[in-house]
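The structure appears below as structure tokens.
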Amino acid sequence: GAVVSQHPSWVICKSGTSVKIECRSLDFQATTMFWYRQFPKQSLMLMATSNEGSKATYEQGVEKDKFLINHASLTLSTLTVTSAHPEDSSFYICSASVTRYHNEQFFGPGTRLTVL
Amino acid sequence: AQKVTQAQTEISVVEKEDVTLDCVYETRDTTYYLFWYKQPPSGELVFLIRRNSFDEQNEISGRYSWNFQKSTSSFNFTITASQVVDSAVYFCALSEARMDSSYKLIFGSGTRLLVRP
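Protein chains in written order, with the numbering used here: chain U, 1 to 116; chain H, 117 to 233.
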């Protein structure tokens, strides 16, 4: 149980385009979903936290107009990178948590974004 | 502020050696959780262990063991008889309670372990 999927697993796009990444909890309903970014050989940095039906909470330094998060249901959250630029190239990882699991986070496999 | 320090950036060992990965944390919370994750080259995070701050018992799972010392704010991870498949980046993480009752994970910078045949 507690499986989280991400789609796509990798994406290459041209500078200036927008890219949407989906995060789904497959066998449970997630109270909260988290989005992380990981640059090569670096740690995971939390970008934002989202609860179903409410606005996402962004970490300091993360542009909310650039990284749009929609948490439409208890099993789906999407991250849209708008007007992507090469510096947005990174590994994006989502996680989902549920209260009954003591808020433990279950991680998706990640999405590798390359912006040309 | 909450912080996790993994001072070892990279460790290289020969297969069958034991290796310990260090993790030191800082927190003002009285209740917190500590985690270890493995990140192989594929990138997917693999959960290894969660430890709650009230449970200081050491834990062993196969070749893996964890030593939680509240007095020194450390949560070290030892791999016994390392294998090539253990090569990965290992992250220690600390949960930080937030106002809305959710938890935020603070990750250390990671330790890259290379096990050579």
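C-beta atoms are modelled at their ideal positions from N, C-alpha and C, and glycine is treated no differently.
Note that the structure is a prediction, hence the values are computed from the model and not measured.
Using the Cα positions of residue i and residue j, report the straight-line distance between them to the nearest angstrom.
{"i": "Ala72/U", "j": "Leu79/U", "result": "11 Å"}
{"i": "Gln124/H", "j": "Asp138/H", "result": "7 Å"}
{"i": "Thr82/U", "j": "Ser169/H", "result": "40 Å"}
{"i": "Thr185/H", "j": "Lys154/H", "result": "Rather than Thr, the amino acid found at residue 185/H in this sequence is Gln. Using only the alpha carbons, I get a separation of about 21 Å."}
{"i": "Val120/H", "j": "Pro233/H", "result": "31 Å"}
{"i": "Thr136/H", "j": "Thr17/U", "result": "45 Å"}
{"i": "Ser77/U", "j": "Glu160/H", "result": "18 Å"}
{"i": "Trp182/H", "j": "Lys220/H", "result": "22 Å"}
{"i": "Tyr58/U", "j": "Ile222/H", "result": "15 Å"}
{"i": "Thr111/U", "j": "Gln60/U", "result": "22 Å"}
{"i": "Asn51/U", "j": "Thr194/H", "result": "36 Å"}
{"i": "Val205/H", "j": "Val62/U", "result": "25 Å"}
{"i": "Phe191/H", "j": "Lys64/U", "result": "35 Å"}
{"i": "Ile165/H", "j": "Ile21/U", "result": "28 Å"}
{"i": "Gly53/U", "j": "Ile12/U", "result": "30 Å"}
{"i": "Arg167/H", "j": "Trp10/U", "result": "33 Å"}
{"i": "Ser15/U", "j": "Asp88/U", "result": "10 Å"}
{"i": "Gln105/U", "j": "Pro86/U", "result": "29 Å"}
{"i": "Gly224/H", "j": "Tyr149/H", "result": "14 Å"}
{"i": "Lys55/U", "j": "Thr147/H", "result": "28 Å"}
Once the 5 residues before and after residue i are set aside, which same chain residues still bring their CB inside 7 Å of it?
{"i": "Phe39/U", "result": "Ser90"}
{"i": "Ser189/H", "result": "Val140, Tyr141 and Glu142"}
{"i": "Val200/H", "result": "Glu131, Val231 and Pro233"}
{"i": "Phe107/U", "result": "Val4, Ile93 and Ser95"}
{"i": "Thr75/U", "result": "Arg24, Ser25, Gln29 and Ala30"}
What is the C-beta distance between residue i and residue j, in whole angstroms, given that I count them as a contact (C-beta under 8 Å)?
{"i": "Thr49/U", "j": "Phe34/U", "result": "5 Å"}
{"i": "Val3/U", "j": "Cys23/U", "result": "Not a contact, Cβ separation roughly 12 Å."}
{"i": "Phe207/H", "j": "Gly178/H", "result": "With 8 Å as the limit, Phe207/H and Gly178/H do not qualify as a contact, their Cβ atoms being about 20 Å apart."}
{"i": "Tyr92/U", "j": "Leu113/U", "result": "6 Å"}
{"i": "Asp145/H", "j": "Ala213/H", "result": "6 Å"}
{"i": "Thr198/H", "j": "Asp134/H", "result": "The question names Thr, but residue 198/H is Ser in the sequence shown. The pair is a contact, with the Cβ atoms about 7 Å apart (cut-off 8 Å)."}
{"i": "Gln122/H", "j": "Leu210/H", "result": "That belief does not hold up - the Cβ atoms of Gln122/H and Leu210/H are roughly 11 Å apart, past 8 Å."}
Who are the near neighbours of residue i in its chain, counting only those whose CB is closer than 6 Å to its CB and skipping five residues on each side?
{"i": "Val98/U", "result": "Phe28, Ala30 and Thr31"}
{"i": "Pro109/U", "result": "Gln6"}
{"i": "Asn174/H", "result": "Asn183"}
{"i": "Thr196/H", "result": "Asp134 and Arg179"}
Leaving out the 5 sequence neighbours to the left and right, which residues in its chain are closer than 8 Å to residue i when beta-carbon positions are compared?
{"i": "Tyr36/U", "result": "Leu44, Met45, Leu46, Met47, Tyr92, Ile93, Cys94 and Ser95"}
{"i": "Leu230/H", "result": "Glu126, Ile127, Ser128, Val129 and Ser203"}
{"i": "Ala84/U", "result": "Cys13, Ser15, Gly16, Thr17, Ser18, Val19, Leu113 and Val115"}
Using a cut-off of 8 Å between C-beta atoms, extract the partners of residue i located in chain C.
{"i": "Thr32/U", "result": "Absent here is chain C; the protein component of the structure consists of chains U and H."}
- request: Select from the segment 119-150 of chain H all residues with a C-beta closer than 7 Å to any C-beta belonging to chain U, and list them in chain order.
  value: none
message: For the segment 197-229 of chain H, list every residue whose C-beta sits within 7 Å of some C-beta in chain U, in sequence order.
response: Phe207, Ser218, Tyr219, Lys220, Leu221, Phe223, Gly224, Ser225 and Gly226
task: Output, in sequence order along the chain, the residues in the segment 147-179 of chain H whose CB is closer than 7 Å to any CB in chain U.
output: Gly159, Glu160, Leu161 and Arg166
task: Please name the residues in the segment 44-55 of chain U whose beta-carbon is closer than 9 Å to at least one beta-carbon of chain H, in chain order.
output: Leu44, Met45, Leu46, Thr49 and Asn51
task: With 9 Å as the limit, tell me which residues of the segment 104-116 of chain U have their beta carbon closer than that to any beta carbon of chain H; keep them in chain order.
output: Glu104, Gln105, Phe106, Phe107, Gly108, Pro109, Gly110 and Arg112
Contact residues within the segment 64-77 of chain U, judged by C-beta distance below 7 Å to chain H: none
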